[in-house]
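Sequential numbering from 1 applies to the sequence shown in my numbering.
Virtual Cβ for every residue (Gly too), placed ideally from N, Cα, C.
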Amino acid sequence: MKSGKLLYSLNRAGQGREVVLKVLIQRVSEASVRVDGAVVGQIGQGLLTLVGVGHGDGLDQVRYLAEKMCCLRIFEDEHGKMNRSLVEVGGAALIVSQFTLMADCRKGRRPAFTDAAKPNLAEQLYEAFVDEVRAHGVAVETGVFAASMQVALINNGPVTILLERSQ
């Protein structure tokens, strides 16, 4: 797909049925992700970020949530108050794709993943999210899209926040 068509498709993806892009952030002292026993991403102070993409999501949601995550004041200042952002503290982000954030558990005992985006769209929007976070000057490490990963972290606080953006 040519880049012009790709951007058009990603911008149009958010039209129609409302499905919410979900970004789960955890303030960490350190975090890492392994694939097949090898560390593929590792950070010190910052945010472990799990990203779930729905089939109705588009670039508007990606841009909004990347900016929100980078500028959200959830790090402590010199007075111990949550008053500083990821950008302000010079923290890093470990960004991991996680389609299970899109699980629908309203019926039965088995989660349904019908709201999750198809892999090609999900990967494109996940990569766009990574690029948007980097554009804010944040050092970014990632997992491997669609791989079986083992994530380790030390949650600082603990602070865990779910960010969502619908149409």
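*Spatially closest choice to Ser148 from Val35, Tyr126, Arg110 and Val39, by CA coordinates*: Your numbering for residue 148 matches position 148 in the sequence shown. It is Val35.
*Taking 8 angstroms as the cut-off, decide whether the C-beta atoms of Leu121 and Gly52 are in contact.*
Counting from 1 along the sequence shown, the entry for residue 121 is found at position 121. Counting from 1 along the sequence shown, the entry for residue 52 is found at position 52. No, the pair does not count as a contact, with Cβ atoms beyond the cut-off.
*asked:* If contact is defined by three or more beta carbon pairs under 8 angstroms, each pair taking one atom from either stretch, is the stretch 21 to 40 in contact with the stretch 153 to 167?
replied: yes
*Nonlocal neighbours in the same chain, by C-beta distance under 7 angstroms from Tyr64, ignoring five residues either side*: As a first step, residue 64 is located in the sequence shown; it is residue number 64 there, counting from the start. Excluding positions up to five away in sequence, the list reads Arg165.
*Simplified DSSP assignment, three categories, for Leu72*: Within the sequence shown, the letter at position 72 stands for residue 72. Leu72 falls in the coil class under three-state DSSP.
*Identity of the residues DSSP links to Asn120 by a beta bridge*: As a working note, residue 120 is residue 120 in the sequence shown. DSSP lists no partner for Asn120.
*With distances taken between CB atoms, is the gap from Gly137 to Gly41 smaller than 8 angstroms?*
The sequence position of residue 137 within the sequence shown is 137, counting from 1. The sequence position of residue 41 within the sequence shown is 41, counting from 1. Cβ atoms of Gly137 and Gly41: not closer than 8 angstroms.
*Could you tell me if Glu141 is buried or exposed, where buried requires 16 or more neighbouring beta carbons within 10 angstroms of its beta carbon?*
To locate residue 141, count along the sequence shown from 1; it is residue 141. With 16 or more Cβ atoms within 10 Å of its Cβ, Glu141 is classed as buried.
*Arg110 - DSSP class collapsed to helix/strand/coil*: Translated into positions along the sequence shown, residue 110 becomes position 110. Coil.
*Residue nearest to Gly56 in terms of C-alpha spacing, selected from Leu162, Glu132, Leu125 and Arg134*: By one-based count along the sequence shown, residue 56 stands at place 56. For the residues Leu162, Glu132, Leu125 and Arg134, the minimum Cα distance to Gly56 belongs to Leu125.
*Could you check what DSSP says for Asp115 in three-state terms: helix, strand or coil?*
For the purposes of this step, residue 115 is identified with residue 115 of the sequence shown, where counting begins at 1. It is coil, neither helix nor strand.
*Look up Ser97 in the DSSP assignment and give the residues it is bridged to.*
For this step, residue 97 is matched to residue 97 along the sequence shown. According to DSSP, which records beta bridges pairwise, Ser97 is partnered with Val51.
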